């Protein structure tokens, strides 16, 4: 009332925040004007209790409807400042709180804040990442698209300030290439420092306030990914950074341990989540420059052995790659940040209480905004729609898989059988037996796809089937819908069963599917939400308009460019509003890889081998066939 106001003295909380960066920490100093620091906690408790006023010990009152108090409450809660430190007004916080703190200060104009030059420098660098002075390695400058160069600069900016981050670009946008550019740059900077003798790398590190220990960053890095992607990473390194020495950590336990022990001889080790957790105790005492985890959703459950293993590995810099959105999977987000920057999202019990439960259970917008403000600087996600002008009409990628175990033994046995038969034949015998040879060649290709296509009793693993399922699930998690082509209808049956086991619905069209049923399935797919359409080569080459899909997988490409493009164009055609990503699954060191290389030079021969037709097979010599069977 007016009478109350006229008789009582009111004070305003005049908050001033001073921030500075030193010795790898964020120093924070808070003053509150006429309000005594020792009464600040009780005052904030009254504010949180939604009271209108707080009475100070001297009898004066503070109006609690004050924006400054909102800032102080958020500061204390989100920064997890100890009450004792808060009352004293001086705090030391992890450097990764800097960007969040700046966001809070920018949103509270009434608060006076004094920021030192290092603080301002960091904030500026993260606001102008695209203009950062980090040169892309010369060998990649003409290969990388503009948005990929921006991603590279973002990763380098994180590195410069000793932060980790999640590169969450959509499937097909080249996350692997952006990371390879960073690792190649690190190697080139080390080489430059050695050759110049002036410590160029050390000077660059010193510029970001690095300690002497940080200036001597280890030379070897490690990439952890699903087993189906180990060799794909190796192929990408060979393609984009052939100067880097890369070693896949695969094979028997003895072979793996021998490679791990010699880790200093390589620039990059590539291992799988499964093998890392088996071998983790052999990594003790090792320190890597970078640790990169691909398909980071593999550590979404922080209690698993895989999640614990990647967090045990010692490294100076940590990055995570994922093509799936993570905003709505908060426990997954917590686990990834626990790997990147332990403590950033608090202990899990605290995170669950303060953020996850309020957001998921009560749709708490304030908790969600708090999480977004904290994590946004450390997550980079671009969708295809965001970078359309930088993309070709369709994105194409060869995804390599490596046969192993029983599948590799069956493949080797079948190839050896064929080589022995063909080698023993003279030219006349070879020409007479071409039909039988083609049948045996088809068995080689089927073993690459899945040995159970040839052997009813086979119960072992299929590397390509596993890799295909990984790719499908990753695409679905990213909100994509797929067309999956195979020329073997029995292969489609196997894939359908695997999808059913994962509770993934799908449609299937083969040569036996009636025309009217095909039309109904196509209409249902384009208008519905079923994520996968399995299609056989003969049934799916023409006449289908499936623009509801934006990912195409060729399980066993038939290497006839025209036929393959016809199949791809079921999705990539008039009416398609999204960029289409095309994957070819190829068994490494197999006949599939050989024929892939023949695609341009000897297209006719490749078509004949794949189709099984004998039209011009007379043109293939014994030597050419034996060449196909070489490893």
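Numbering (the numbering used here), first residue to last: 2 to 632.
All C-beta atoms, glycine included, are put in the ideal place defined by N, C-alpha and C.
Fair warning: this is a prediction, and the values are worked out from it, not measured in the lab.
The alpha helix (DSSP H) enclosing residue 120, as first and last residue numbers | First-last of the alpha helix (DSSP H) with residue 120: 118-128.
Could you name the residues of the same chain whose beta carbon sits closer than 8 Å to that of residue 131, not counting the 5 residues immediately before and after it, in chain order?
-> These residues qualify, in order along the chain: 151 and 154.
Pair every Cβ in the stretch 409-424 with every Cβ in the stretch 436-450, then say whether three or more of these pairs are closer than 8 Å.
-> Flag = yes, the stretch 409-424 and the stretch 436-450 touch.
Spatial distance of residue 64 from residue 177 (CA atoms) = Rounded to whole angstroms, the separation of the alpha carbons of residue 177 and residue 64 is 54 Å.
Have a look at 100, 226, 260 and 184 and flag the residue whose alpha-carbon is nearest the alpha-carbon of residue 317.
-> Selected option, being the one with the closest Cα: 184.
Terminal residues of the continuous alpha helix (DSSP H) containing residue 71?
-> Segment 68-79, the alpha helix (DSSP H) holding residue 71.
Where do the ends of the beta strand (DSSP E) carrying residue 634 lie?
-> Any property of residue 634 remains undetermined from this structure, which presents the chain solely from 2 to 632.
Can you tell me where the beta strand (DSSP E) with residue 244 in it begins and where it stops?
-> Note, residue 244: premise wrong, no beta strand (DSSP E); not H, not E.
Rounded to the nearest angstrom, how far is the Cβ of residue 472 from that of residue 554, given a contact under 8 Å?
-> Taking the Cβ atoms as the reference, residue 472 lies roughly 6 Å from residue 554, within the contact range of under 8 Å.
Which residues in the same chain have their Cβ closer than 7 Å to the Cβ of residue 405, if we skip the five residues on either side of it in sequence?
-> Correct list, in chain order: 464.
Would you grab the beta carbon distance between residue 273 and residue 231 for me? Rounded to a whole angstrom, and I think it's under 8 Å.
-> Their Cβ separation, rounded to whole angstroms, is 6 Å, which keeps residue 273 and residue 231 in contact under 8 Å.
Could you give the residue range of the alpha helix (DSSP H) that holds residue 152?
-> Counting along the chain, the alpha helix (DSSP H) containing residue 152 begins and ends at 147-161.
From residue 259 to residue 591, what does the alpha carbon distance come to, in whole angstroms?
-> Straight-line measurement puts the Cα of residue 591 at about 26 Å from the Cα of residue 259.
Length-filtered (3 minimum) beta strand (DSSP E) runs lying within the stretch 488-541 = The stretch 488-541 contains, as complete beta strand (DSSP E) runs of 3+ residues, the segments 507-510 and 533-537 (chain order).
Rounded distance between the beta-carbons of residue 398 and residue 173, thought under 8 Å | The Cβ separation is near 7 Å, so the contact holds.
Which residues in the same chain have their Cβ closer than 8 Å to the Cβ of residue 627, if we skip the five residues on either side of it in sequence?
-> Spatial neighbours of residue 627 in its own chain (CB-CB distance under 8 Å, excluding positions within 5 residues in sequence) are listed in chain order as 420, 423 and 424.
What does DSSP give as the partner residues of residue 553 in its beta bridges?
-> Beta-bridge pairing links residue 553 to 484 and 583.
Through-space distance from residue 470 to residue 529, alpha-carbon basis | Between the alpha carbons of residue 529 and residue 470 lies a gap of roughly 21 Å.
Throw me the rounded Cβ distance for the residue 526 and residue 508 pair, which I believe falls under 8 Å.
-> Correct: roughly 6 Å between the Cβ atoms.
Work out the CA separation of residue 377 and residue 66 for me, nearest whole Å.
-> Spanning the two alpha carbons is a distance of roughly 29 Å.
Segments assigned alpha helix (DSSP H), at least 4 residues, entirely inside the stretch 369-393 | When DSSP assignments are scanned along the stretch 369-393, no uninterrupted stretch of alpha helix (DSSP H) that is 4 or more residues long falls wholly within it.
How is residue 320 classed by DSSP in three states: helix, strand or coil?
-> Strand.
Distance between residue 234 and residue 370 (C-alpha atoms, nearest Å) | So the two alpha carbons sit approximately 36 Å from each other.
Does the distance from the C-beta atom of residue 552 to that of residue 569 stay below 8 Å?
-> Result no, Cβ atoms of residue 552 and residue 569 do not sit closer than 8 Å.
Neighbourhood of residue 138 by C-beta, 7 Å cutoff - its chain only, sequence neighbours within 5 removed = The answer, listed in chain order, is 182, 185, 186 and 189.
Exposed unless 16 or more other CB atoms sit within 10 angstroms - verdict on residue 46 | Classification for residue 46: exposed.
In terms of DSSP beta bridges, what is residue 398 paired with?
-> Answer by DSSP bridge pairing, in chain order: 584.
Taking buried to mean at least 16 other C-beta atoms within 10 Å of its own C-beta, is residue 142 buried or exposed?
-> Taking every protein chain shown into account, the CB of residue 142 has fewer than 16 other CB atoms within 10 angstroms, so this residue is exposed.
Curious, which full-length alpha helix (DSSP H) runs of at least 4 residues does the stretch 416-492 contain?
-> The qualifying runs are 428-433, 435-450 and 464-478.
What are the residues that DSSP puts in a beta bridge with residue 115?
-> In DSSP, residue 115 forms a bridge with 19.
Which residue comes first and which comes last in the beta strand (DSSP E) that contains residue 272?
-> Counting along the chain, the beta strand (DSSP E) containing residue 272 begins and ends at 269-273.
Length of the line joining the Cα atoms of residue 495 and residue 599 | Roughly 29 Å separates the two Cα atoms.
Nearest to residue 112 (by Cα), restricted to the options 175, 34 and 87 = That would be 34, whose Cα lies nearest to the Cα of residue 112.
The beta strand (DSSP E) enclosing residue 222, as first and last residue numbers | Per DSSP, residue 222 belongs to the beta strand (DSSP E) from 222-226.
Tell me whether residue 103 is buried or exposed, calling it buried when 16 or more other Cβ atoms sit within 10 Å of its Cβ.
-> Per the 10 Å Cβ criterion, buried.
Quick one: using the 10 Å Cβ neighbour count with 16 as the cut-off for buried, is residue 313 buried or exposed?
-> Under a 10 Å Cβ-count criterion, residue 313 is classified as exposed, with fewer than 16 other Cβ atoms of the shown protein chains found around its own Cβ.
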